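Numbering (our numbering), first residue to last: -4 to 132. All C-beta atoms in this analysis are idealised placements derived from N, C-alpha and C, irrespective of residue type, glycine included. Given the structure is predicted, the values throughout are model-derived calculations rather than measurements. What follows is a short report on a single structure.
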């Protein structure tokens, strides 16, 4: 697991943009936001994102083809990136990261009982966050 201090300049800049964002960002949105910082090609962003995901700093939201910074503290000793769930608000775009070791273990056991060997699971819940639900009420 890489420490924040070992991130490259490009990785650091991509991570900072994701941490400052109010919602998930696509790679091309990141590229647009980083052009003034020397980013010229999508490959620069994708390489940084790939490393950041591998090291647990960033998650990819499959259904949105977008990225978010990990909301857990970056000491990942107690955070299981093998099973991460996200609650995504369809109204405001807020993303809440959820990780539960007990549920992750039960899902591993359930899937493993079929003989399947899972490497990673990402679960996405789509709906309405509490704030938007309260406004709509």
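Going along the chain, which residues of its own chain have a beta-carbon closer than 6 Å to the beta-carbon of residue i, five neighbours each way excluded?
| i | result |
| --- | --- |
| residue 21 | 61 |
Closest to residue i by CA distance: which of the options is it?
| i | options | result |
| --- | --- | --- |
| residue 10 | 118, 47, 128, 80 | 47 |
| residue 97 | 107, 56, 78 | 78 |
| residue 63 | 24, 13, 25, 107 | 13 |
| residue 55 | 129, 125, 116 | 116 |
| residue 84 | 121, 5, 104 | 121 |
| residue 29 | 43, 17, 82 | 43 |
| residue 129 | 50, 87, 31 | 87 |
Three-state secondary structure (DSSP) at residue i?
| i | result |
| --- | --- |
| residue -1 | helix |
| residue 53 | strand |
| residue 121 | strand |
| residue 14 | helix |
| residue 106 | helix |
Which residues in the same chain as residue i place their Cβ atom closer than 7 Å to its Cβ, once the five residues preceding and following it in sequence are excluded?
| i | result |
| --- | --- |
| residue 26 | 34, 37, 40 |
What does DSSP give as the partner residues of residue i in its beta bridges?
| i | result |
| --- | --- |
| residue 79 | 117 |
| residue 20 | 62 |
| residue 136 | Since the first and last residues shown for the chain are -4 and 132, residue 136 lies out of range. |
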